Amino acid sequence: MTALLAIDGVSKRFRGLIAVDRVSFEVPERGIFAVIGPNGAGKTTLFNTIAGGYTPDSGSIEFAGARIDGLSPDQICRRGVGRTFQIVRPFPRLSVRDNVIVGALLHRAQVEAARGRADEVLRQLDLYDKRDQRASSLTLPDRKRLEVARALATDPRLLLLDEVMAGLRPTETDRMVAILRELNRETGLTVLLIEHVMRAVMALAARVLVLHHGASIAEGPPDEVVRNPAVIHSYLGAEDVA
Amino acid sequence: MIERLIAGVPRRALLLLGLLLIVLALAPLIAGDYLLTVLILILYFAYLGQSWNIMMGLTGLLSLGHALYVGLGAYTAAALYIHYGVAPWLGLLLALPLAALAGAFIGFLAFRFRVAGVYFAILTIAFAEFARVGFDHLGWTGGSAGLFLPVAQYAHNDVWHLRGHPAMFYYILLAATALALIGCRALLQSRVGYFWQAIREDEEAARAVGINTFRYKMIAVVISAAMTAFAGVIYAFYYNNLFPEQVFPILRSIEIILGPIVGGVGTLFGPILGAFILTGLAETLTAALNALGVDLPGAKQVFYGICLLLVITKLPDGVWPWLAGRIGLQEREK
Chain U
1208 MTALLAIDGV SKRFRGLIAV DRVSFEVPER GIFAVIGPNG AGKTTLFNTI
1258 AGGYTPDSGS IEFAGARIDG LSPDQICRRG VGRTFQIVRP FPRLSVRDNV
1308 IVGALLHRAQ VEAARGRADE VLRQLDLYDK RDQRASSLTL PDRKRLEVAR
1358 ALATDPRLLL LDEVMAGLRP TETDRMVAIL RELNRETGLT VLLIEHVMRA
1408 VMALAARVLV LHHGASIAEG PPDEVVRNPA VIHSYLGAED VA
Chain L
4 MIERLIAGVP RRALLLLGLL LIVLALAPLI AGDYLLTVLI LILYFAYLGQ
54 SWNIMMGLTG LLSLGHALYV GLGAYTAAAL YIHYGVAPWL GLLLALPLAA
104 LAGAFIGFLA FRFRVAGVYF AILTIAFAEF ARVGFDHLGW TGGSAGLFLP
154 VAQYAHNDVW HLRGHPAMFY YILLAATALA LIGCRALLQS RVGYFWQAIR
204 EDEEAARAVG INTFRYKMIA VVISAAMTAF AGVIYAFYYN NLFPEQVFPI
254 LRSIEIILGP IVGGVGTLFG PILGAFILTG LAETLTAALN ALGVDLPGAK
304 QVFYGICLLL VITKLPDGVW PWLAGRIGLQ EREK
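Note that the protein sequences, when read in sequence, are chains U and L.
Residue numbering for the first sequence follows the numbering used here, beginning at 1208 and increasing consecutively.
Residue numbering for the second sequence follows the numbering used here, beginning at 4 and increasing consecutively.
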């Protein structure tokens, strides 16, 4: 399998603090890849470096064979990378459907066509019945799904999910996992998730990268990674392994 | 096209809008000179409010310097007419692009260097002030002594040169207001309109779904500036005199935005309703005070202040969303 996303030696510094330290990994086309790590490990910085919020201080980021590091967030999205925000950012005064239509309009000139695509995505994410509600009136789990729906509507090849499970109850997490799996299987969507909820990571990801103090300390299949002593020590804590 | 424009609008709203249009179309036939003057002012501010609303209401860009575009439109068309006899409708061909260019320049500076929010508003004030000072010293447009259009009693209305009875200006403004309403509705329902609203709601999230926010903000400023300049052309030919101190000061910019704020920022009918409320009631107040023989300079400003206070405290979304809910005119979901 060829890599859809290739991160090579990426570092990001904030004054004296090295938030991301020479991280390298590859996400294969149609793969589901997770980045985990304790709070402050640099996950979100890494995420924003890929999504275009930050320019890396060194290293390169290639998407579909072309460099994307240093591009603006909208340029990166237009190349085919969708993203969600850890702290959800719906368009609050727009309806749920209009939120998703905005995403669908990226590659569609006609609002009618975008509405069709939006309804399709809303059905996939169990939001169709709430399409006429204002986004600000949604509950947190619904807003999280709306984030995913809006990103999906832009027809990405790669979907970046920033702690999309955080704050969800276990049943809601399972539902989200099921939705993402289905999307991955049926549309070939590649997923890179940054996640705290191990339940979701174990169920979804084919490969996991563990960040600690900005650096990669382990990478591999999830069941291998959770048995890695360095990972247990730094992140999971002995009692979580069971 | 028409079908799409009225999709989701309750039939009752269309009926009322049609009725309003008929009443306004017939108004000059029965209205006296004074009432006609008031109606012209109302339509002038309704149209301007709609133009300003494209930036603030739809895209979330607060301009406090729209007097700049009014003035550019007014001065360009008037000077071309006085110096070269160019008809104002041809003058528009220079006046509108010039205002659009000014808007684009301010927009470029602001969006390129990430000047946002109140700082953007201050930038727009600054440019209107530059223009005020600049035009004070521009001999070609009369400087601070003013620019005057020849005035005479006209036997008939010369629409091409905008010389004639106030009723002519009234109908032009009525048509412009109606077209602006339709145009804004069409824009709001288009791709551009969706992107504008996304930027207004959350610019970073808008970028994350691939919207080139710089480009769409520029489009909003350019359209708003050009539309505003048209009102300026009408202003010049209606009042026949232009002074930088009257055209460009911040008070003029504030007057433009009061209507939409009272009526409902971001709504399509709010600017129109707001113009009726503010201008209509303020003029009624002035007339009533005059009739009573009371001379109270500044009564209008106090009235504006009270109106704003009431709206801000009681109806922060503006009068229109509240009224529309009251009389069952909220837009149906598509």
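Even for Gly, the Cβ is constructed at its ideal location relative to N, Cα and C.
Bear in mind that the values here come from a model prediction, so they are computed numbers and not experimental data.
CB contact below 9 Å: residue 213 of chain L versus chain U: Translated into positions along the second sequence, residue 213 of chain L becomes position 210. Cβ-Cβ to chain U under 9 Å: yes for residue 213 of chain L.
The alpha helix (DSSP H) enclosing residue 217 of chain L, as first and last residue numbers: Taking the second sequence and counting its residues from 1, one reaches residue 217 of chain L at position 214. 216-242 is the extent of the alpha helix (DSSP H) around residue 217 of chain L.
Interface residues of chain U facing residue 205 of chain L [CB-CB closer than 9 Å]: Here residue 205 of chain L refers to the residue found at position 202 when the second sequence is read from its first residue. What residue 205 of chain L touches in chain U: 1296, 1297, 1298, 1299.
Stretch-stretch touch, CB-based, cutoff 8 Å, three pairs: the region 282-289 of chain L with the region 304-317 of chain L: yes
Classification of residue 263 of chain L by the beta-carbon crowding that lies within 10 angstroms, buried from 16 upward: In the second sequence, the residue the question calls residue 263 of chain L occupies position 260. By the 10 Å Cβ count, residue 263 of chain L comes out buried.
Residues near residue 127 of chain L in its chain [Cβ-Cβ closer than 7 Å; skip 5 each side]: By 1-based counting over the second sequence, the position of residue 127 of chain L is 124. The residues are 66, 67, 68, 109.
Any C-beta of chain L under 9 Å from that of residue 1433 of chain U: Position 226 of the first sequence, counting from 1, holds the residue named residue 1433 of chain U. With 9 Å as the cut-off, residue 1433 of chain U does not count as an interface residue toward chain L.
CA nearest to the CA of residue 47 of chain L, picked from L:216, L:172, L:23, L:136: In the second sequence, residue 47 of chain L corresponds to position 44, counting from 1. Checking every option, the nearest Cα to that of residue 47 of chain L belongs to L:172.
Same chain only: Cβ atoms within 6 Å of residue 103 of chain L, ignoring 5 sequence neighbours per side: Here residue 103 of chain L refers to the residue found at position 100 when the second sequence is read from its first residue. 225, 228, 229.
Nearest to residue 247 of chain L (by Cα), restricted to the options L:105, L:140, L:186: Stepping through the second sequence from its first residue, residue 247 of chain L is reached at position 244. Taking only the C-alpha atoms, the option nearest residue 247 of chain L is L:140.
Beta-ladder partner(s) of residue 1215 of chain U, from DSSP: For the purposes of this step, residue 1215 of chain U is identified with residue 8 of the first sequence, where counting begins at 1. Paired residues: U:1267.
Selection from L:288, L:115, L:318 that minimises the alpha carbon distance to residue 217 of chain L: Locating residue 217 of chain L in the second sequence gives position 214, where the first residue counts as 1. When each option's Cα is compared against that of residue 217 of chain L, the closest is L:115.
Host beta strand (DSSP E) of residue 1298 of chain U (start-end): Reading the first sequence from its first residue, position 91 is the one you call residue 1298 of chain U. Note, residue 1298 of chain U: premise wrong, no beta strand (DSSP E); not H, not E.
Same chain only: Cβ atoms within 8 Å of residue 205 of chain L, ignoring 5 sequence neighbours per side: Taking the first residue of the second sequence as 1, we reach residue 205 of chain L at position 202. Answer for residue 205 of chain L: no residue qualifies.
Opposing strand residues paired with residue 1422 of chain U [DSSP bridges]: As a first step, residue 1422 of chain U is located in the first sequence; it is residue number 215 there, counting from the start. In the DSSP output, where bridge partners are listed per residue, residue 1422 of chain U has U:1419.
Alpha-carbon spacing of residue 1229 of chain U relative to residue 1267 of chain U, whole angstroms: In the first sequence, the residue the question calls residue 1229 of chain U occupies position 22. In the first sequence, the residue the question calls residue 1267 of chain U occupies position 60. Whole-angstrom Cα-Cα distance: 10 Å.
Neighbour list for residue 1357 of chain U in chain L, Cβ cutoff strictly below 7 Å: Sequence index remark: in the first sequence, residue 1357 of chain U carries index 150 (1-based). In chain order: 212.
Inter-residue Cα distance where the pair is residue 1216 of chain U and residue 1231 of chain U: Looking up residue 1216 of chain U in the first sequence gives position 9. Looking up residue 1231 of chain U in the first sequence gives position 24. In a straight line, the C-alpha of residue 1216 of chain U is about 5 Å away from that of residue 1231 of chain U.
Chain U within 9 Å of residue 209 of chain L, Cβ atoms only: Within the second sequence, numbered from 1, the residue matching residue 209 of chain L stands at position 206. Yes - at least one Cβ of chain U is within 9 Å of the one on residue 209 of chain L.
Inter-residue Cα distance where the pair is residue 36 of chain L and residue 169 of chain L: Along the second sequence, one-based indexing puts residue 36 of chain L at 33. Along the second sequence, one-based indexing puts residue 169 of chain L at 166. Roughly 8 Å between the two C-alpha positions.
Cβ separation of residue 184 of chain L and residue 84 of chain L, assumed to be a contact under 8 Å, to the nearest whole Å: The residue labelled residue 184 of chain L in the question sits at position 181 within the second sequence. The residue labelled residue 84 of chain L in the question sits at position 81 within the second sequence. That belief does not hold up - the Cβ atoms of residue 184 of chain L and residue 84 of chain L are roughly 28 Å apart, past 8 Å.
Sequence-distant residues of the same chain with beta carbon closer than 8 Å to residue 1331 of chain U, five excluded per side: The residue labelled residue 1331 of chain U in the question sits at position 124 within the first sequence. Taken in chain order, the residues that qualify are 1356, 1359, 1386, 1389, 1390.
Proximity to residue 1370 of chain U [Cα-Cα], best of U:1238, U:1287, U:1280, U:1294: As a first step, residue 1370 of chain U must be located in the first sequence, where it is residue number 163. Comparing Cα-Cα distances from residue 1370 of chain U to each of U:1238, U:1287, U:1280, U:1294, the minimum goes to U:1294.
Beta-carbon proximity list for residue 1447 of chain U, same chain, < 6 Å, skipping 5 on both sides: For the purposes of this step, residue 1447 of chain U is identified with residue 240 of the first sequence, where counting begins at 1. Unreliable placement is indicated for residue 1447 of chain U, whose pLDDT of 47 sits below 50; the coordinate value is still reported in the next sentence. Closer than 6 Å at Cβ, skipping near neighbours: no residue.
CB contact flag (residue 213 of chain L, residue 1336 of chain U, <9 Å): Position 210 of the second sequence, counting from 1, holds the residue named residue 213 of chain L. Position 129 of the first sequence, counting from 1, holds the residue named residue 1336 of chain U. No, the pair does not count as a contact, with Cβ atoms beyond the cut-off.
Range covered by the beta strand (DSSP E) that runs through residue 62 of chain L: Numbered from 1 along the second sequence, position 59 holds the residue referred to as residue 62 of chain L. That residue, residue 62 of chain L, is in no beta strand (DSSP E); it is neither H nor E in DSSP.
Residue 1421 of chain U vs residue 1262 of chain U beta-carbon contact at 9 Å: The residue given as residue 1421 of chain U occupies position 214 in the first sequence. The residue given as residue 1262 of chain U occupies position 55 in the first sequence. Result no, Cβ atoms of residue 1421 of chain U and residue 1262 of chain U do not sit closer than 9 Å.
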